[in-house]
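Novice: Residue numbers (my numbering): 13 to 375. Got a structure for you, written out below as structure tokens; questions coming shortly.
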Amino acid sequence: MTNDEGQERPRKIIHVDMDAYYASVEQRDNPELRGKPIAVGGSAARGVVAAASYEARKFGVHSAMPSVTAKRKCPDLIFVPPRFDVYKAVSQQIREIFAEYTPMIEPLSLDEAYLDVTHNLKGMEIATEIALEIRARIKAVTGLNASAGVSYNKFLAKMASDLNKPNGQAVITPRNGPAFVEALPVKKFHGIGPATAEKMHRLGIDTGADLKGKTLEFLVEHFGKPGPYFYGIARGIDERQVKPNRVRKSVGAEDTFSQDLHAYEPAREALQPLIEKVWGYCEANGIGAKTVTLKVKYADFNQITRSKTVPIPLAAIADLEEIVGLLLAPIFPPRKGIRLLGVSLSSLERRAAGTEPQLRLAL
């Protein structure tokens, strides 16, 4: 994109992220929960926190935490069962607000999305003003707070949206983008998980400046395919486009654990937030999935995958949970401790507009 003088014109990207989304919806719909520490998820021994209110976060409660740990950290914690049908309906309201400003919308899950507002339907020049309007519209229509990040690429917009949470926004300009990245610890980079951050630490890479000091060849040698991406973001460069209505070949999530897992129940518990993450992406994008793959990496770094394909797209998160459980059970007792688990969905297809998922499968 160029201006009249032929110079490259920066894109205007907004990352909108709802604040404590599931928990905020529950507090909105039940006045008795407002101002109290709540966790969306199960309170049973095998339960896991799907989302925590900001009141609960003050005690150190966060998503993916075992419920028993959360209760220990916050004895007054109130557990609320999730209502995914409600979260999906509210997400659709939010999507309709986005569409008033731009058709260039790329949902990441039910509660966050990228928007390219370089050319927008309102003819507004200043992206920060668009973000303010969108957040005000979301509040007026849904009663919920959203935070936003504004920048010239997706990586920095995502990073900016975390700077003034909750109910705030921040902008990272082309002028200050590279300096912002250089000062940032790599463990806080979007797209760099705990395992990669630890590997970077072993290689002497702790900050964006350290990362910038490495050559492209070094990063490809040590990190493979993500190497060029790391090379770019270390310089504040991210050429990825906002892609509306895209159907990816697959969607996945994984987690590396600080202590190896040896029993089924902790492993199944650890998989729950990953299940909810990939399912949330499919729900937000109107996508169905037929193939579920479980990834297991052992303490010796050997890994296996187990997959199951069903004849019609999964209809509900309960179907996904059931398949993951079936794939997980046969690997116990494991030959070694488990250091990483992942869930991915493939054989993805877009659901026809106006159709509901088919009835639950007999698995």
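All C-beta atoms, glycine included, are put in the ideal place defined by N, C-alpha and C.
Work out the CA separation of E112 and D16 for me, nearest whole Å.
Specialist: On the sequence shown, position 4 is the one that residue 16 refers to. On the sequence shown, position 100 is the one that residue 112 refers to. Bear in mind that the predicted position of D16 carries a pLDDT of just 45, short of 50, making it too unreliable to give a figure here.
Novice: Output needed for C86: all residues of its chain with C-beta closer than 7 Å, excluding positions within five of it in sequence on either side, in chain order.
Specialist: Here residue 86 corresponds to residue number 74 of the sequence shown, with the count starting at 1. The residues are P49, A68, F71 and V73.
Novice: Under a Cβ-count criterion, where at least 16 other Cβ atoms within 10 Å of its own Cβ denotes burial, should G300 be classed as buried or exposed?
Specialist: Stepping through the sequence shown from its first residue, residue 300 is reached at position 288. Per the 10 Å Cβ criterion, buried.
Novice: Can you check whether the CB of T268 is closer than 8 Å to the CB of R351?
Specialist: One-based indexing of the sequence shown puts residue 351 at position 339. One-based indexing of the sequence shown puts residue 268 at position 256. Yes, Cβ-Cβ distance for R351 and T268 is below 8 Å.
Novice: Using DSSP with H/G/I as helix, E/B as strand and the rest coil, what is H27?
Specialist: Along the sequence shown, one-based indexing puts residue 27 at 15. H27: strand per DSSP, three-state reduction.
Novice: Do you know how far the Cα of K200 is from the Cα of V232?
Specialist: The residue given as residue 232 occupies position 220 in the sequence shown. The residue given as residue 200 occupies position 188 in the sequence shown. Taking the straight line joining both Cα atoms gives about 21 Å.
Novice: Where does R21 land, buried or exposed, given buried means 16+ other C-beta within 10 angstroms?
Specialist: In the sequence shown, counting from the first residue as 1, residue 21 sits at position 9. Per the 10 Å Cβ criterion, exposed.
Novice: If we define contact as Cβ-Cβ less than 8 Å, is S79 a contact residue for chain C?
Specialist: The displayed structure is made up of one protein chain only, and chain C is not part of it.
Novice: Can you find the residues in the same chain that come closer than 6 Å, C-beta to C-beta, to E124, ignoring five residues on each side of it along the sequence?
Specialist: Counting from 1 along the sequence shown, the entry for residue 124 is found at position 112. Counting only Cβ-Cβ distances below 6 Å, and skipping sequence neighbours, we find D29.
Novice: Kindly give me the distance between the Cβ atoms of T317 and S358, rounded to whole angstroms, as I take these residues to be in contact under 8 Å.
Specialist: Residue numbering aside, residue 317 sits at position 305 when the sequence shown is read from its first letter. Residue numbering aside, residue 358 sits at position 346 when the sequence shown is read from its first letter. That pair is no contact at about 11 Å.
Novice: Excluding sequence positions up to five away, which residues of its chain have a Cβ less than 6 Å from the Cβ of S356?
Specialist: What you label residue 356 is simply residue 344 of the sequence shown in a count that begins at 1. Closer than 6 Å at Cβ, skipping near neighbours: S262, G264 and T305.
Novice: Out of L168, T208, E266 and A279, state which residue places its alpha-carbon closest to the alpha-carbon of I245.
Specialist: Numbered from 1 along the sequence shown, position 233 holds the residue referred to as residue 245. Of L168, T208, E266 and A279, the smallest CA-CA separation from I245 is found for L168.
Novice: In chain order, what residues of the same chain lie with their CB nearer than 7 Å to the CB of H202, ignoring the 5 residues before and after it?
Specialist: For the purposes of this step, residue 202 is taken as the residue at position 190 of the sequence shown. So the list reads F167, K170 and M171, once near-sequence residues are dropped.
Novice: According to DSSP, is D222 helix, strand or coil?
Specialist: Taking the sequence shown and counting its residues from 1, the one referred to as residue 222 is at position 210. In this structure, D222 counts as helix in the three-state DSSP scheme.
Novice: Can you list, in chain order, the residues of its chain whose CB lies under 7 Å from that of I343, leaving out five sequence neighbours each side?
Specialist: On the sequence shown, residue 343 is found 331 positions in, with the first residue counted as 1. For I343, where only same-chain residues beyond five positions count, the Cβ hits under 7 Å are V308.
Novice: For I335, count neighbouring C-beta atoms within 10 Å of its own C-beta (all shown protein chains included) and say buried if the count is 16 or more, exposed if not.
Specialist: Within the sequence shown, the letter at position 323 stands for residue 335. Answer is buried; the Cβ neighbour count reaches 16.
Novice: Determine the burial state of K134: buried for a count of at least 16 other Cβ atoms within 10 Å of its Cβ, exposed for fewer.
Specialist: On the sequence shown, residue 134 is found 122 positions in, with the first residue counted as 1. Flag for K134 reads exposed.
Novice: Cβ of T114 within 8 Å of Cβ of N132?
Specialist: As a working mapping, residue 114 is identified with position 102 in the sequence shown. As a working mapping, residue 132 is identified with position 120 in the sequence shown. Cβ atoms of T114 and N132: closer than 8 Å.
Novice: One question on the structure: do D218 and V193 come within less than 8 Å of each other, judged by their Cβ atoms?
Specialist: On the sequence shown, residue 218 is found 206 positions in, with the first residue counted as 1. On the sequence shown, residue 193 is found 181 positions in, with the first residue counted as 1. Contact: no.
Novice: Which residue wins for smallest C-alpha separation from V129, given the options K348, H27 and G349?
Specialist: As a working note, residue 129 is residue 117 in the sequence shown. It is H27 whose Cα lies nearest to the Cα of V129.
Novice: State whether the region 90-110 contacts the region 35-47, with contact taken as three or more CB pairs (one from each stretch) at a distance under 8 Å.
Specialist: yes
Novice: Where does Q253 fall in DSSP's three states?
Specialist: Taking the sequence shown and counting its residues from 1, the one referred to as residue 253 is at position 241. Residue state, collapsed to three classes: coil.
Novice: Name the two residues that bound the continuous beta strand (DSSP E) containing R262.
Specialist: Reading the sequence shown from its first residue, position 250 is the one you call residue 262. It is worth fixing the name first, because residue 262 is Ser in this sequence and not Arg. Unbroken beta strand (DSSP E) run through S262: S262 to L273.
Novice: To the nearest whole angstrom, what separates the beta carbons of L273 and A279, a pair I think is in contact under 8 Å?
Specialist: For the purposes of this step, residue 273 is taken as residue 261 along the sequence shown, with counting starting at 1. For the purposes of this step, residue 279 is taken as residue 267 along the sequence shown, with counting starting at 1. Their Cβ separation, rounded to whole angstroms, is 5 Å, which keeps L273 and A279 in contact under 8 Å.
Novice: Considering just the uninterrupted stretch of the alpha helix (DSSP H) at I245, what are its terminal residues?
Specialist: As a working note, residue 245 is residue 233 in the sequence shown. Unbroken alpha helix (DSSP H) run through I245: G239 to I245.
Novice: Can you grab the Cα-Cα spacing for the pair R363 / I324, in whole Å?
Specialist: Numbered from 1 along the sequence shown, position 351 holds the residue referred to as residue 363. Numbered from 1 along the sequence shown, position 312 holds the residue referred to as residue 324. Cα-Cα distance, rounded: 11 Å.
Novice: Can you check which of these residues, D331, R347 and G337, is closest to N314 by C-alpha distance?
Specialist: Taking the first residue of the sequence shown as 1, we reach residue 314 at position 302. The candidate whose alpha carbon is nearest that of N314 is R347.
Novice: Judging by CA-CA distance, which residue of A82, A341, Y33 and A51 is the nearest neighbour of A275?
Specialist: On the sequence shown, residue 275 is found 263 positions in, with the first residue counted as 1. Closest by alpha carbon: A341.
Novice: Give me the Cα-Cα distance between M13 and V254, rounded to the nearest whole angstrom.
Specialist: Numbered from 1 along the sequence shown, position 1 holds the residue referred to as residue 13. Numbered from 1 along the sequence shown, position 242 holds the residue referred to as residue 254. Interpretation of M13 is limited by its pLDDT of 47, a score under 50 that renders its predicted location unreliable; the figure taken from the coordinates is listed afterwards. Cα-Cα distance, rounded: 14 Å.
Novice: Based on DSSP bridge pairs, tell me the residues matched to Y126.
Specialist: The sequence position of residue 126 within the sequence shown is 114, counting from 1. DSSP output for Y126 lists H27 and E118 as bridge partner(s).
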